[in-house]
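For the sequence shown, the numbering used here assigns the number 189 to the last residue and increments by one with no breaks.
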Amino acid sequence: LKDGRTAYYWNPPGRDIAAGFTVGREALGSDYGAAMDRARKLNTHLDAWREGRGTMRDLDLQPGFGTLAWLVERYKRSRAWGKVSDRSRYEYERALNLVLQHKLKSGGELGHAPLASITARGVDKLYLRLQKGTRVDRRLRQANVCIIRMARAWDAVRRLYPATVPGTNPFRGVELEHGAGTTR
């Protein structure tokens, strides 16, 4: 890299991409051990694809493993999601997508951010940005719902993937604001 560090990446052969392999190159970071573990998983997935050509892939073997979007998808496949009523699921998905599709200053979406890079300070800034509305000045209820549901998703997946999801939930402890007419 420009700063002198060594970083790793994984790139499937061109012949596999031409044959329909949908996983493209992926940056593995600068930690050699973590990069080797992830590369082994991706190579295993590539081998399985070569054998089965298009069989169903495990979510943990797809690009984006360990990102906020992966966490939300894992939450939707957990038993905790089963406890959310069918009537409420639309609103849950709407709130989760507002967070995932939030635009960063870099131009990317928050959903593509690695879990380890999400901090409490960043979540506080996100909370303030989620409050800004187009028709009203402050959307407190919507911002509160987004933070509460992301905290619940983080906790549910953290229990299942303690090595991947950091122990400190940055969505917990956010000082939520309530309007004058809100009954707590």
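Beta carbons: idealized from backbone N, C-alpha and C, even for Gly.
query: Please name the residue, chosen from L47, P175 and R82, that lies closest to G69 on a Cα-to-Cα basis.; result: L47
query: Measuring alpha carbon to alpha carbon, tell me which residue in W54, V170, S83 and G9 is nearest P18.; result: W54
query: Nearest-angstrom Cα distance between T60 and L6?; result: Caution is warranted here: a pLDDT of 49 is assigned to T60, below 50, making its placement in the model unreliable, and the coordinate value is therefore given only provisionally. If I take the Cα positions, the gap works out to 36 Å.
query: State yes or no: is the C-beta of V179 within less than 7 Å of the C-beta of V170?; result: no
query: Using C-beta distances below 6 Å, list every residue in its chain close to G172, excluding the 5 sequence neighbours before and after it, in chain order.; result: none
query: With DSSP run on the structure shown, which of helix, strand or coil describes T49?; result: helix
query: With DSSP run on the structure shown, which of helix, strand or coil describes L33?; result: strand
query: Name the residue from G71, Y14 and H107 whose alpha carbon lies nearest to the alpha carbon of L33.; result: Y14
query: With a cut-off of 8 Å on the beta carbons, I'd call P175 and A125 a contact; round off their distance for me.; result: 5 Å
query: Thinking just about the alpha-carbon of each residue, which of R134, A23, L165 and S93 is nearest to the one in Y104?; result: The sequence as given places Val at residue 104; Tyr does not occur at that position. Comparing Cα positions, the closest option is R134.
query: For E96, which residues from the same chain have a beta carbon less than 8 Å from its beta carbon, with the 5 sequence-adjacent residues on both sides left out?; result: V150
query: Please report how far the alpha carbon of A12 lies from the alpha carbon of P119, in whole angstroms.; result: 16 Å
query: In chain order, what residues of the same chain lie with their CB nearer than 7 Å to the CB of R157, ignoring the 5 residues before and after it?; result: none
query: Between which two residues does the beta strand (DSSP E) holding Y14 run?; result: Y13 to W15
query: Check the DSSP bridge columns for R143 and list the partner residues they point to.; result: K137
query: May I have the straight-line CA-CA distance separating T72 from H117, to the nearest angstrom?; result: 6 Å
query: Using a Cβ-Cβ cut-off of 6 Å (strictly less than) and excluding sequence neighbours within five positions of R43, which residues of its own chain qualify?; result: L33
query: Does DSSP put E98 in a helix, a strand or coil?; result: helix
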